[in-house]
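Working notes, beginning with the structure itself.
Protein chains in written order, with full-length UniProt numbering: chain Y, 1 to 250; chain B, 1 to 92.
Here is the structure:
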């Protein structure tokens, strides 16, 4: 890699970044996201590890992860599988237990979140010593790919209503590409009970409630290249329920 | 205070002020002209907030960035990744 400024882990500031990748049937995407993570962490020189938390995928995601561990080493790729699908919140708790970094990245493994933004997250975090840095699709150069008008309208509408009701001090509430200080993430997960889209929203709303500082980085969100992305009536109803619950309880 | 309570508090404050003017609850003999202006105020507020919301959401939908370049870049990198991984002995 000609563009490498330094070898991995040699930035010398003692910070280590653990990437939590919860997976379920991501056989196609996992090798690609891991390759990209290794590439961009390698080029930027930050110390890192990737923790794959597979929830018993029937498609053999775990075997793929084992192959990747063989290629990149057991210090870089950690496998922390669980027997069955148990939800996002507990996946993060499970992952953090085994993480050795003092900062934690959470992101989707389906390639909608591009690792090229990771150095920007880290720089942003250092700039203001933020407790958490959230990727945003709604500001600056942020945006989406692969969304039709209906999807955009629902997304913008839901975001507007949430902003009006919750005033969270962050522009992207349901995004799930974020960097946390380890202790902050541990504390937040403890008090978050929601599922699905609402989980990410609850995390950032509770963060504001607990007076954590929040930085934002514009990201491009490329909707699933492999596999189906879902946004049906059920998602919308559960989103509204979650929104109202947060409205009444935070 | 929860967001819900904040809203209830704000709305009751506004409502009380509105009722005071419209029905002259404090008996300070507000001129009828003022009261006539005041009574449809909640409706005006609601309608203008509705218009503001529609305009904001409409504008944001229209200016939502389409990241075509990001998608193109990713497709290129996927091909690159697959070649490189194969070289390293990965079996797809």
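Even for Gly, the Cβ is constructed at its ideal location relative to N, Cα and C.
query, result
"Taking the straight line between their C-alpha atoms, what separation do you get for residue 169 of chain Y and residue 6 of chain B?", "16 Å"
"Going by C-alpha to C-alpha distance, which of Y:158, Y:37, Y:59 sits closest to residue 58 of chain B?", "Y:158"
"Kindly indicate the opening and closing residues of the alpha helix (DSSP H) around residue 150 of chain Y.", "149 to 166"
"Would you call the stretch 27 to 38 of chain Y in contact with the stretch 71 to 91 of chain B, where contact means no fewer than 3 C-beta pairs closer than 8 Å?", "yes"
"Quick one: is residue 110 of chain Y near chain B, going by C-beta distance under 8 Å?", "no"
"For residue 136 of chain Y, name the three-state secondary structure that DSSP assigns.", "strand"
"Quick one: is residue 37 of chain B buried, meaning 16 or more other Cβ sit within 10 Å of its Cβ, or exposed?", "exposed"
"Secondary structure at residue 86 of chain Y, three-state DSSP: helix, strand or coil?", "coil"
"Got a sec, what are the start and stop residues for the beta strand (DSSP E) residue 178 of chain Y sits in?", "178 to 181"
"Which full runs of the alpha helix (DSSP H) of 4+ residues lie inside the stretch 34 to 62 of chain B, going along the chain?", "41 to 62"
"May I ask which residues mark the beginning and end of the beta strand (DSSP E) holding residue 23 of chain Y?", "16 to 23"
"Using the beta-carbon count (16 or more within 10 Å), is residue 1 of chain B buried or exposed?", "exposed"
"Buried or exposed: where does residue 63 of chain B fall if 16 or more other Cβ atoms within 10 Å of its Cβ makes it buried?", "exposed"
"Closer than 8 Å, CB to CB, is residue 16 of chain B near chain Y or not?", "no"
"Per DSSP, what kind of secondary structure is residue 90 of chain B in: helix, strand or coil?", "coil"
"Please state if the CB of residue 103 of chain Y and the CB of residue 179 of chain Y are separated by a distance shorter than 8 Å.", "yes"
"Please tell me whether residue 15 of chain Y has its Cβ less than 8 Å away from any Cβ of chain B.", "no"
"What is the residue span of the alpha helix (DSSP H) that residue 121 of chain Y lies within?", "118 to 128"
"Using a Cβ-Cβ cut-off of less than 9 Å, list which residues of the stretch 149 to 162 of chain Y approach chain B; keep chain order.", "149, 152, 153, 155, 156, 157, 159, 160, 161"
"Counting only Cβ pairs nearer than 7 Å, list the residues of chain B close to residue 249 of chain Y.", "2"
"Are there 16 or more other CB atoms within 10 angstroms of the CB of residue 114 of chain Y, so buried, or fewer, so exposed?", "buried"
"Does DSSP put residue 4 of chain Y in a helix, a strand or coil?", "Reliability fails at residue 4 of chain Y, whose pLDDT of 42 lies under 50, so the model's placement of it is uncertain and the value that follows must be treated cautiously. Reduced to three states, the DSSP call for residue 4 of chain Y is coil."
"Is it right to say residue 206 of chain Y is buried, meaning 16 or more other beta carbons lie within 10 angstroms of its own, or is it exposed?", "buried"
"With a CB to CB cut of under 7 Å and the five nearest residues on each side skipped, what residues in its chain are close to residue 199 of chain Y?", "88, 89, 192"
"Residue 46 of chain B versus chain Y: which residues are under 7 Å apart at the beta carbon?", "None at all; the shortest Cβ gap to chain Y is about 14 Å."
"Quick one: residues in its chain with C-beta nearer than 6 Å to the C-beta of residue 152 of chain Y, no 5 flanking neighbours on either side, listed in chain order?", "none"
"Is there at least one Cβ from chain Y nearer than 8 Å to residue 56 of chain B's Cβ?", "yes"
"Bridge partners of residue 145 of chain Y, per DSSP?", "Y:222"
"Can you name the start and end residues of the alpha helix (DSSP H) that residue 72 of chain Y belongs to?", "61 to 72"
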